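Beneath this line is the structure, given in C-alpha cells, with notes to follow.
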Amino acid sequence: MKPAPFDYYDPDSVEEVLDLLQQYGDDAKILAGGQSLGPLLNMRLSTPQIIVDLNRVADLEYYKSDGTGLRVGAMTRQSTLEDDTNLRTTQPILAASIPYIGHRSIRNRGTVGGSVAHADPAAEWPAIMLALDGTILIRNTTGTRTVDASDFYISALTTDLKPDEILVEIQLPNWVKTSGWSFIEFSRRHGDFAILGVATYLTIENRRCTKSRIAIIGGGPIPIRTSKAESMLIGETISDELLKDVSEQASKELDTDSDMHASADYRRYLASVLVSSALQEAAARAGESGGQ
Ligand SMILES: Cc1cc2nc3c(=O)[nH]c(=O)nc-3n(C[C@H](O)[C@H](O)[C@H](O)COP(=O)(O)OP(=O)(O)OC[C@H]3O[C@@H](n4cnc5c(N)ncnc54)[C@H](O)[C@@H]3O)c2cc1C
C-alpha cells in the first residue's frame, strides 16, 4: 500500500517547523527518522494532510554533557550515541540498551526524539527515560516547557505532546558513579521488539539501598515503573529473599493483556525472572563501583 496523499514541507529551522505546526495543528505530522511513521503512513494507519520533515533542521542534531547531565537533541540518530564509547562509562545503561533497538540500519535513521515521542511501550528509549529520571524539553511558538518522563507517557502511543509542539531535547541527569544498573530484555530474535525488558538502577550507601528504579518494557500500554516494588528496596540490605519478594511484586504491577506475541501470564512470569536477575546484577555493580 502507498501513503494517502499529503503536502510535504522540509523547513531548515525550528521556528519554521513550529509555525507550520501552529498553522496546521492536528492535520500535520512530524517526520524524523521515518522508521515508525513510514510504516504507519504506508498502511494508512496515519493519514496526515501535511508532513513536516525535520531532517534539514541541523539545530536539533547534537548531544553534549554539561554540569547537570546529558542533553540530546531530538534529531540525533540512535547510531550516533551507539558509536560513542565514552557513553559506556558516563551513561552505561543507555549505552547498553541502544544496540537492542531493531537493527543497525534502523538505528542509522531512527532518532532519539522520534523514539521517545512515538511512545511504543515495547521500545527501549521510553523505559530508559523512566529508569534514569529523564526529562523532555518541548517547544511551541510561544515558549518551552520541561516534562518529567514519568508524566510524559499517557496511553498507548500517546504522550503529553500537543499538536503544535515538538520534542526538542531529552535530558538525563549525571550518572552517580556508585550506582549499579542492569538492562535485560527477552525477544524471540535479536532486533525484534522485546516481549519483555527490564531496566534497573540502584544506589547503595552503607550497604542499604537509597534509590531504586525498575522500568519495564512491554509490560503494558505505556512503559511502566513498578513503584511499589521499587519502594520495597529502600533502606534495605539486598538479599536473595528480598529480591524474590521485590520481583514478584514487580510482576504484579504489570498492566498487560495477552497478544499474538505472548500471554499476559507469560509476560508476568518473565517480569519476575528478569527483574530478579536485573536487580542482582545492579546490586553487584553497585558494590563493584564502591556503593557499599
Ligand atoms: C523493523 C523495525 C524494527 C524496530 N525495532 C525497534 C526496537 O526493537 N526498539 C525500538 O525502540 N524501536 C524499534 N523500531 C522503531 C525505531 O526505533 C524508530 O526509529 C523509532 O521508534 C522512531 O524514531 P524515528 O526517528 O524513526 O521517528 P519517526 O518514525 O519519524 O516518527 C515517529 C513518531 O514520532 C513523532 N515525532 C518524531 N520526532 C518528533 C519530535 N522531535 N517531536 C515530536 N514528535 C516527533 C512523529 O510525528 C511520529 O508520530 C523498529 C523499527 C523498525 C522499522
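So in numbering that gives the first Met the number 0, spot 241 of the sequence shown is number 240, and the numbers just go up one at a time.
Virtual Cβ for every residue (Gly too), placed ideally from N, Cα, C.
Given the structure is predicted, the values throughout are model-derived calculations rather than measurements.
- Ranking Asp-191, Ala-193, Ile-194 and Lys-210 by CA distance to the CA of Tyr-200 puts Lys-210 first.
- Note that the C-beta distance between Ala-193 and Glu-204 is not below 8 Å.
- Following the DSSP letters along the chain, one finds Trp-124 inside the alpha helix (DSSP H) bounded by residues 123-130.
- DSSP lists no bridge partner for Ala-73.
- In this model, Val-51 and Asp-258 are separated by some 33 Å (Cα to Cα).
- The beta carbon of Pro-220 sits closer than 8 Å to those of Pro-120, Ser-154, Ala-155 and Asp-254, all from its chain and outside the five residues before and after it, given in chain order.
- DSSP links Trp-174 through a beta bridge to no other residue.
- Annotation for Arg-284: the continuous alpha helix (DSSP H) segment containing it runs 263-287.
- DSSP lists Tyr-152 as the beta-bridge partner residues of Thr-158.
- The Cβ neighbour count for Met-231, taken over all protein chains shown within 10 Å, is at least 16; the residue is labelled buried.
- Just so you know, the alpha carbons of Ser-276 and Gly-196 end up roughly 11 Å apart.
- Nearest C-alpha to Arg-188 among Ala-94, Pro-125, Ser-250 and His-102: His-102.
- Look at Arg-212 here: in three-state DSSP terms it is strand.
- Rounded to whole angstroms, the separation of the alpha carbons of Val-175 and Arg-284 is 12 Å.
- No heavy atom of ligand 1 is found nearer than 7 Å to the CB of Ala-261.
- The beta-carbon distance between Thr-202 and Thr-177, rounded to whole angstroms, is 7 Å. This is short enough to meet the 8 Å contact definition.
- Pairing Tyr-7 with Gly-234, the inter-Cα distance amounts to about 55 Å.
- Judged by their CB atoms, Ser-96 and Gly-179 are not nearer to each other than the 8 Å cut-off.
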